[in-house]
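Line order of the protein sequences matches chains A and B. No gaps in the numbering here: position 109 of the first sequence is 109 in our numbering, and each next residue is one more. No gaps in the numbering here: position 253 of the second sequence is 253 in our numbering, and each next residue is one more. Since the structure comes first, as structure tokens, the remarks are kept for the end.
Number of protein chains: 2
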Amino acid sequence: MTFPVVGMVGGGQLARMTHEAGIPLGIRFRILSDTPQDSAAQVVHDVTVGDYRDLDTLRAFAAGCDVLTFDHEHVPTEHLRALEADGIVVRPGPDALVHAQDKGVMRARLDAIGVPCPRHRIVADPADVTRFADEGDGYPVVLKTVRGGYDGKGVWIARSEADAAEPFRAGVPVLAEEKVDFVRELAANVVRSPHGQAVAYPVVESIQVDGVCDTVIAPAPGLSDELSAQAQQLALTVARELGVVGHLAVELFEVRRPDGGSVVLVNELAMRPHNSGHWTMDGAATSQFANHLRAVLDLPLGDPRPRARWTVMANVLGGDFPDMYPAYLHCMARDPGLKIHMYGKDVKPGRKVGHVNTYGDDLADVRERAAHAAGYLRGTIDE
Amino acid sequence: MTFPVVGMVGGGQLARMTHEAGIPLGIRFRILSDTPQDSAAQVVHDVTVGDYRDLDTLRAFAAGCDVLTFDHEHVPTEHLRALEADGIVVRPGPDALVHAQDKGVMRARLDAIGVPCPRHRIVADPADVTRFADEGDGYPVVLKTVRGGYDGKGVWIARSEADAAEPFRAGVPVLAEEKVDFVRELAANVVRSPHGQAVAYPVVESIQVDGVCDTVIAPAPGLSDELSAQAQQLALTVARELGVVGHLAVELFEVRRPDGGSVVLVNELAMRPHNSGHWTMDGAATSQFANHLRAVLDLPLGDPRPRARWTVMANVLGGDFPDMYPAYLHCMARDPGLKIHMYGKDVKPGRKVGHVNTYGDDLADVRERAAHAAGYLRGTIDE
Numbered sequence: 001m002t003f004p005v006v007g008m009v010g011g012g013q014l015a016r017m018t019h020e021a022g023i024p025l026g027i028r029f030r031i032l033s034d035t036p037q038d039s040a041a042q043v044v045h046d047v048t049v050g051d052y053r054d055l056d057t058l059r060a061f062a063a064g065c066d067v068l069t070f071d072h073e074h075v076p077t078e079h080l081r082a083l084e085a086d087g088i089v090v091r092p093g094p095d096a097l098v099h100a101q102d103k104g105v106m107r108a109r110l111d112a113i114g115v116p117c118p119r120h121r122i123v124a125d126p127a128d129v130t131r132f133a134d135e136g137d138g139y140p141v142v143l144k145t146v147r148g149g150y151d152g153k154g155v156w157i158a159r160s161e162a163d164a165a166e167p168f169r170a171g172v173p174v175l176a177e178e179k180v181d182f183v184r185e186l187a188a189n190v191v192r193s194p195h196g197q198a199v200a201y202p203v204v205e206s207i208q209v210d211g212v213c214d215t216v217i218a219p220a221p222g223l224s225d226e227l228s229a230q231a232q233q234l235a236l237t238v239a240r241e242l243g244v245v246g247h248l249a250v251e252l253f254e255v256r257r258p259d260g261g262s263v264v265l266v267n268e269l270a271m272r273p274h275n276s277g278h279w280t281m282d283g284a285a286t287s288q289f290a291n292h293l294r295a296v297l298d299l300p301l302g303d304p305r306p307r308a309r310w311t312v313m314a315n316v317l318g319g320d321f322p323d324m325y326p327a328y329l330h331c332m333a334r335d336p337g338l339k340i341h342m343y344g345k346d347v348k349p350g351r352k353v354g355h356v357n358t359y360g361d362d363l364a365d366v367r368e369r370a371a372h373a374a375g376y377l378r379g380t381i382d383e
Numbered sequence: 001m002t003f004p005v006v007g008m009v010g011g012g013q014l015a016r017m018t019h020e021a022g023i024p025l026g027i028r029f030r031i032l033s034d035t036p037q038d039s040a041a042q043v044v045h046d047v048t049v050g051d052y053r054d055l056d057t058l059r060a061f062a063a064g065c066d067v068l069t070f071d072h073e074h075v076p077t078e079h080l081r082a083l084e085a086d087g088i089v090v091r092p093g094p095d096a097l098v099h100a101q102d103k104g105v106m107r108a109r110l111d112a113i114g115v116p117c118p119r120h121r122i123v124a125d126p127a128d129v130t131r132f133a134d135e136g137d138g139y140p141v142v143l144k145t146v147r148g149g150y151d152g153k154g155v156w157i158a159r160s161e162a163d164a165a166e167p168f169r170a171g172v173p174v175l176a177e178e179k180v181d182f183v184r185e186l187a188a189n190v191v192r193s194p195h196g197q198a199v200a201y202p203v204v205e206s207i208q209v210d211g212v213c214d215t216v217i218a219p220a221p222g223l224s225d226e227l228s229a230q231a232q233q234l235a236l237t238v239a240r241e242l243g244v245v246g247h248l249a250v251e252l253f254e255v256r257r258p259d260g261g262s263v264v265l266v267n268e269l270a271m272r273p274h275n276s277g278h279w280t281m282d283g284a285a286t287s288q289f290a291n292h293l294r295a296v297l298d299l300p301l302g303d304p305r306p307r308a309r310w311t312v313m314a315n316v317l318g319g320d321f322p323d324m325y326p327a328y329l330h331c332m333a334r335d336p337g338l339k340i341h342m343y344g345k346d347v348k349p350g351r352k353v354g355h356v357n358t359y360g361d362d363l364a365d366v367r368e369r370a371a372h373a374a375g376y377l378r379g380t381i382d383e
């Protein structure tokens, strides 16, 4: 059979879960992993250990693959261009991926295509941050390094010009953004294939704790049909205009207008399976991982519709106890419908080591079950 | 983390799908595969290639595993006893598994615990088959070698004493059974853990073509609540009385009584994930593969309840075209809700190379979608 070979750069949990989704598809799946112990390297058959920052390593890895895709956005853009010049099929390609790698490029492009964003501009130094603040409602101001941030890293809240010095120490360009007074955070997840087919998942609510995703509720409770459709349309527009292939997560702020209505502003983009889409593994007809693979292979996409009235995802963070197995057993016994997804990672305080999904008709119950399991596994609930 | 290592003997599609189910559980999964090309060997990280008939190979494989389980029933019983004597945890253990390995032992045990079976006895030669026939309604008689059969292999329908010679040529004991005039075939799938927890899946209808499972409908249409409960109870009794650990498939004949009611008789037992349970991958809250792993690890079992009104599984057999990829693409385009499960096997005519699942509220529609996809992939439908 001529089933293709997909190579994924990165060996984290996204690669692990993509492999899980690839098994029934009958494809061959390879990863380029930083270490032999990485989350995906434990479960994938074809593992190359190497440094994704090294072009020769990337070239050797890509040589046996029909398509190259990514579990993170850190591969240097110039390497991706070099691989494309070699004839490697890179999906998403560098012209799209650069928007998820560089927040300055992303903001400029979203402005150009008329997608609403928080007020922003590249700033030169702390005095320039104060000018940016004065152009709007003053401090606080959000400062972000244009490259390299995730899960709250590379992001600062400056409450004064003195606060604004830190981000400039790394010597990379800094983007200033207004601190949006949002009602809540949403995410619009879509998947797009090379010939332009696209699917949109239900818009979800994403609840962050200390800058890290804690809970995702699908669909976002109380979201109007109008705003839901607007957010999905926005994500589909971004995917099309930026030429995204594969899964695109558009993280959004829901903001109350003076007239009482709501609008959405784009916070971040991710061009890969995303934490805000983990609920799809148990809550949608086709998971984000399966649809990402189908998209990068230019296969017809799968049904993105939900399978339950409500699905809730809660991240499992490491706590003080290195051995999570007894708690895991307890959670299974308490809730036979709990869907646990462990990443095979050593437990360290605050590290994402897994997630749980729950689903059902009663949102309060579904949320309680997910929160209980995540808390019990972390060790913050001891009932 | 002290997440355990499960070793599965066999590298077929059942091991492949068990690995898929093991990834979210966070366990380590190893296989002992006949060849490096086997279905599971393509996707599992830890693959040992070796002969399961060799005790030293089994010992070396089992040494690194917390529990040993199986994707087939062909490991010699005496090897399993030797491994247990070494202190290896073998699940299901040889005292249970022998009932799935030896049809003579199975029939004797089911008789002893009062589980209804077709009329049967071990027969010595063709003349003895005629005596067996004459004890009942005469020929035809079903003859089975007590060991080694599956998917119609090792099974003969003898219509006369002359027909009855063939099964004796292998020199292994032969079991004679009445040819049951059944209404249809059912399967009752249950999973049992070492400390005695058990779950029962909905009873399904299994449609065979040429001795090979073609379609499974979950739940079995029109099955009375009474007969359904009776079949589930029967399977739970067999699991308990035989000391089964893991998944047990009880293949049943539904037989019409003279008064118009129905009863079930046990056809075969399988102590591993089974083709009649593949629908659970997309149709139940917890798949048979996940529950098999939970059982052999003595973890609490997952919810076996269905997620859809109807789920239909159709096996994908190889046809005349070695490259199934274009048909696969077509099927995805035709039906975005189709769940395809490919096994990574080379296509050979009649070989099981995958299965599809469909689900929904309208049984006729759900059946048509599954049958179409399986037929199109095989090449017997060309719309």
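We put the CB at the ideal spot given by N, CA and C, even for glycine.
The beta-carbon separation of residue 193/A and residue 295/A, rounded to 4 Å, stays under the 8 Å limit for a contact.
Interface annotation for the segment 317-336 of chain B against chain A: 322, 323, 324, 325, 328, 329, 332, 333, 336, criterion Cβ-Cβ distance under 8 Å.
Between residue 291/B and residue 199/B, the C-beta gap is smaller than 8 Å, which places the two residues in contact. Sequence-distant partners of residue 31/A (beyond 5 residues in either direction) whose C-beta falls short of 6 Å from its own C-beta, in its chain, are 8, 11, 15, 40, 44, 47. In summary, residue 169/B is exposed, with fewer than 16 beta-carbon neighbours lying within 10 Å of its beta-carbon over all protein chains present. Restricted to the segment 202-226 of chain B, the beta strand (DSSP E) segments that are unbroken, complete and at least 3 residues in length are 204-209, 212-218, listed in chain order. For the segment 291-304 of chain A, the beta-carbon criterion of a distance under 8 Å to any beta-carbon of chain B is satisfied by 294, 299, 300, 301, 302, 303. Between residue 287/B and residue 233/A, the alpha-carbon positions lie close to 35 Å from each other. The secondary-structure analysis by DSSP pairs residue 276/B with nothing; it has no beta-bridge partner. If you check each beta-carbon in the segment 37-49 of chain A against every beta-carbon of chain B, the ones closer than 8 Å belong to 41, 42, 43, 44, 45, 47. In the three-state reduction of the DSSP assignment, residue 44/B falls in the coil class, being assigned neither a helical nor a strand state. Residues of the segment 211-231 of chain A that bring their beta carbon within less than 8 Å of a beta carbon in chain B are absent altogether. With contact defined as three or more Cβ pairs closer than 8 Å, the segment 168-188 of chain A and the segment 116-134 of chain A are in contact.
For residue 20/A, the C-beta contacts it makes with chain B under 8 Å involve 20, 23, 24, in order along the chain.
For a cut-off of 8 Å, the C-beta gap from residue 201/A to residue 284/A is around 6 Å, short enough to register as a contact. 110/B is the residue among 29/B, 2/B, 110/B whose C-alpha sits nearest the C-alpha of residue 269/B. Nearest to residue 212/B by alpha-carbon distance, out of 316/B, 181/B, 53/B, 142/B, is 316/B. Only those residues of the segment 56-78 of chain B whose C-beta falls short of 7 Å from the nearest C-beta of chain A would be listed, and there are none.
Using a 10 angstroms sphere on the CB of residue 266/A, the tally of other CB atoms reaches 16 or more, which defines it as buried. Against chain A, the beta carbon of residue 307/B has neighbours under 7 Å at 307, listed in chain order.
The beta carbon of residue 13/B sits closer than 6 Å to the beta carbons of 39, 343 from its chain, once the five residues preceding and following it are set aside; these are given in chain order. Proximity of chain B to residue 30/A at the Cβ level (cut-off 9 Å) is not reached, the minimal Cβ distance being about 11 Å. Contact check between the segment 86-103 of chain A and the segment 234-251 of chain A: three or more CB pairs, one atom from each, fall below 8 Å, which counts as touching.
Membership of residue 103/B in the alpha helix (DSSP H) is indicated by the continuous run 103-112. Distance check between residue 216/A and each of 331/A, 326/A, 88/A, 281/A places 281/A closest, using alpha-carbon atoms only. Counting every other CB atom within 10 Å of its CB across the protein chains shown gives residue 185/B a total of 16 or more, marking it as buried. Counting the other Cβ atoms within 10 Å of the Cβ of residue 113/B gives fewer than 16, which makes it exposed.
Three or more Cβ pairs closer than 8 Å define a contact, and the segment 47-60 of chain A meets that threshold against the segment 74-84 of chain A.
Any Cβ of chain A closer than 8 Å to the Cβ of residue 351/B would place that residue at the interface, and such an atom is absent. Neighbours of residue 344/B in chain A, taken as residues at a C-beta separation under 9 Å, are given in chain order as 1, 3, 23, 26, 27, 28. Interface criterion met: the Cβ of residue 354/B is under 8 Å from a Cβ in chain A. Not one beta carbon of chain A lies nearer than 8 Å to the beta carbon of residue 122/B. Residue 20/A sits close to residue 20/B, with the two beta carbons spaced by under 8 Å.
At least 8 Å separates the CB of residue 381/B from every CB of chain A. Short of 8 Å from the beta carbon of residue 64/A, and not among the five residues preceding or following it, lie these beta carbons of its own chain, in chain order: 5, 7, 30. At the C-beta level, residue 356/A and residue 374/A come within 8 Å of one another.
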